[in-house]
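K.L.:
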């Protein structure tokens, strides 16, 4: 499996939904809470090409996007290949 990183906040329903999909697929991921430290959110924004919303998801360093983007990749049948 590839390295999966997800930037989140504790109260974000989209974050919970994205993590649920990853867990359903048996994927372990590194979660970073951006709510407590503005410098972490700034680093996430830079990595995500200016996107400030959470979640922001990366697979092996490649920016996937947010929750809707993750589900779009899954619905297109491409997520398993990205994770393999």
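Numbering (the working numbering), first residue to last: 2 to 85.
Ideal Cβ positions, reconstructed from N, Cα and C, are used throughout, including at glycine.
None of these values were measured; they are calculated from a predicted model.
Suppose you measure from the CA of residue 72 to the CA of residue 19; what does that come to, to the nearest Å?
P.N.:
Taking the straight line joining both Cα atoms gives about 8 angstroms.
K.L.:
Check residue 63 in the structure and name its three-state DSSP category.
P.N.:
Three-state result, residue 63: strand.
K.L.:
Go through its chain and collect everything with a Cβ distance to residue 10's Cβ below 7 angstroms, but skip five positions before and after it.
P.N.:
So the qualifying residues of the chain are 16, 34, 35, 36 and 55.
K.L.:
Who are residue 57's beta bridge partners in DSSP?
P.N.:
DSSP lists 8 as partners of residue 57.
K.L.:
So, is residue 6 buried or exposed, given that buried needs 16 or more other C-beta atoms within 10 angstroms?
P.N.:
Under this definition residue 6 is a buried residue.
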